[in-house]
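Inspection log for the structure reproduced underneath, given as structure tokens.
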Amino acid sequence: MARSTKTEVSKLLRVLVVGGVALAAAAGPAAAAADDKAPAEQGAAAKAKDKPAAKHKGKAKEKAKEDAKAGEAKDSGAGGVKGW
Amino acid sequence: MSGPGLPVPDRVRELAASAWVFRWQVELEAEVRFAGLANRLESLGAPTLIVELARRAAGEEARHAVLCARMAAELGRPVPALSPPPPPAVAPSGLAEEEAVTYELTAACCVTESVSVAVLTALLPAAGAPSLHRALRELLADEVGHARLGWAHLALARERGRTAFLGPLLPAMLEGSVDEDLFLPVEPAREEPALLPLGVLPHALKRELFARSLEEVVFPGLEGAGVDAAAGRAWLAARAGAAGDAPASR
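Protein chains in written order, with the working numbering: chain A, 26 to 109; chain B, 572 to 821.
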């Protein structure tokens with residue numbers, strides 16, 4: 026690959042990913058408002074923070090859930106989006 | 572092999588026309604996908620800015636389809652009269668709606684649109700005709716915004732601790748984003764440099780650009796958003812290894 030093309034690709038991390046994160050920051054207040062719609066969930070999250078054992082158990086549960094999802098993905102039509 | 576100033580072989584022109592017809596289809600599918608995602612994001616209470624970006628992207632993809640159809644016609648192959656059917660859902664059926672939307676935005680924007688930006692960036696300097704150059708510039712400007720939409724959504728999902736589930740799903744997502752023959756040898760005409768001025772990457776360059784985009788943009792971006800990209804990296808190593816490609820140097 027031409028050196029200039031290599032350089033262009035390496036610049037895209039900043040242009041796309043960092044640009045996207047900046048967009049997310051600009052959208053921040055609206056995101057907070059959306060979170061405000063679920064105070065019960067926030068309370069539950071705060072409680073979990075106060076209990077390390079519960080937090081650990083939650084993480085293990087989350088991991089098991091992810092593993093199960095990976096297995097399911099194979100049979101559930103998980104796919105990608107074709108482009109250029 | 573053809574060279575600068577030489578007539579473009581018929582087979583190369585056919586291949587380029589076929590690529591633009593395929594892109595027309597991809598852009599129409601993207602229009603439908605973004606319109607649907609905008610509605611789903613709104614239902615989930617996503618920030619207005621994100622919803623609006625998705626809605627705007629749908630309109631831009633419709634315009635891209637017109638551009639691609641024009642390029643295909645200029646190369647002698649008009650697009651079909653009928654639009655393609657709506658694109659299939661790509662998220663695994665077992666995911667909750669919020670995760671399904673994150674999966675779809677990651678696949679469509681963080682992976683596919685990011686790679687498209689890399690492809691367009693590589694194509695732009697080689698564009699032959701002024702009309703092609705203008706079309707590529709217009710497409711590139713919009714696709715940057717579409718990729719950022721995905722990365723923005725992922726950053727917001729990370730704040731909510733809702734991105735880690737993507738890690739094990741990356742191989743299926745990546746597998747579905749590539750043509751079946753991307754890592755296979757192809758007919759010599761598909762490696763012709765004469766494709767470049769017609770707005771199409773020769774096959775090996777396309778494969779290399781795809782791999783480099785994953786390694787330098789997509790995987791680091793995902794990891795920054797709290798997604799373990801190890802499974803995705805392993806998928807790429809296996810596919811590139813089977814094709815006999817050395818991993819891209821860093």
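We put the beta carbon where it would ideally sit given N, CA and C, even for glycine.
*Taking only beta-carbon positions, decide if B:Met572 is within less than 7 Å of chain A.*
Only weak support exists for where B:Met572 lies, its pLDDT of 46 falling under 50; the value from the coordinates is given anyway. B:Met572 has a beta carbon lying at 7 Å or more from every beta carbon in chain A.
*Please confirm if the region 35 to 48 of chain A is in contact with the region 718 to 734 of chain B, defined as three or more CB-CB distances below 8 Å between the two stretches.*
By the Cβ rule, the region 35 to 48 of chain A counts as touching the region 718 to 734 of chain B, because three or more pairs are nearer than 8 Å.
*Selection from B:Gly607, B:Leu767 and B:Pro657 that minimises the alpha carbon distance to B:Glu668*: Relative to the Cα of B:Glu668, the nearest Cα in the group B:Gly607, B:Leu767 and B:Pro657 belongs to B:Gly607.
*If we ignore side chains and look at the alpha-carbon of each, how far apart do B:Ala679 and B:Asp581 end up?*
Their backbone Cα atoms lie some 33 Å apart in a straight line.
*Grouping DSSP H, G and I as helix and E and B as strand, with all else coil, what is B:Val661?*
For B:Val661, the secondary structure class from DSSP, reduced to helix, strand or coil, is coil.
*Assign B:Arg810 to one of two classes, buried (16 or more other C-beta atoms within 10 Å of its C-beta) or exposed (fewer than that).*
Burial call: buried.
*What in chain A is Cβ-close to B:Val715, meaning under 8 Å?*
Correct list: Val40, Leu41 and Gly44.
*Within this structure, are the beta carbons of B:Leu691 and B:Leu666 separated by less than 7 Å?*
For the pair B:Leu691 and B:Leu666, the CB atoms are not nearer than the 7 Å cut-off.
*the ligand GTP heavy atom lying under 6 Å from the CB of B:Pro618*: Annotation note on the ligand GTP: not contained in the displayed structure, which lists no ligands.
*Measuring CA to CA, which of B:Leu646, B:Glu598, B:Ser664 and B:Arg627 is closest to B:Pro657?*
That would be B:Glu598, whose Cα lies nearest to the Cα of B:Pro657.
*Given 8 Å, three or more beta-carbon pairs between the region 763 to 778 of chain B and the region 787 to 799 of chain B*: Short answer: they don't touch.
*Is there at least one Cβ from chain A nearer than 7 Å to B:Val622's Cβ?*
No, B:Val622 does not count as interfacial toward chain A.
*B:Leu615 by DSSP, collapsed to three states: which one?*
For B:Leu615, the three-state secondary structure derived from DSSP is coil.
_At the level of alpha carbons, what is the spacing between B:Ala765 and B:Ala700?_
B:Ala765 and B:Ala700: Cα-Cα distance of roughly 13 Å.
*8 Å CB neighbourhood of B:Pro655 in its chain, flanking five on each side removed*: Around B:Pro655, the same chain offers Gln596, Leu599 and Glu600 as residues with beta carbons nearer than 8 Å, after the five sequence neighbours per side are excluded.
*Starting from the beta carbon of B:Thr683, find every residue of chain A whose beta carbon is closer than 9 Å, and list them in chain order.*
The answer, in chain order, is Gly105, Val106, Lys107, Gly108 and Trp109.
_In whole angstroms, give me the CA-to-CA distance for B:Val682 and B:Leu703._
Spanning the two alpha carbons is a distance of roughly 25 Å.
*Can you tell me the Cα-Cα spacing of B:Asp752 and B:Glu684, whole angstroms?*
It is roughly 20 Å from the alpha-carbon of B:Asp752 to the alpha-carbon of B:Glu684.
*Interface residues of chain A around B:Leu691 at Cβ under 8 Å?*
Result: Trp109.
*asked:* Short of 7 Å in beta carbon distance, which residues of its chain neighbour B:Glu762, apart from the five on each side in sequence? Order them along the chain.
replied: The answer, listed in chain order, is Pro773, His774 and Ala775.
*With B:Lys777 as the anchor, note down where its alpha helix (DSSP H) starts and where it stops.*
His774 to Ser784 is the extent of the alpha helix (DSSP H) around B:Lys777.
*Closer than 8 Å at the beta carbon, the chain A residues around B:Trp595*: Within 8 Å Cβ-Cβ: nothing; B:Trp595 doesn't reach chain A, min ~12 Å.
*asked:* If I follow the unbroken alpha helix (DSSP H) through B:Phe790, where does it start and stop?
replied: Phe790 to Gly795 is the extent of the alpha helix (DSSP H) around B:Phe790.
_Would B:Ala697 and B:Leu638 be called neighbours here (beta carbons separated by less than 7 Å)?_
7 Å or more divides the Cβ of B:Ala697 from the Cβ of B:Leu638.
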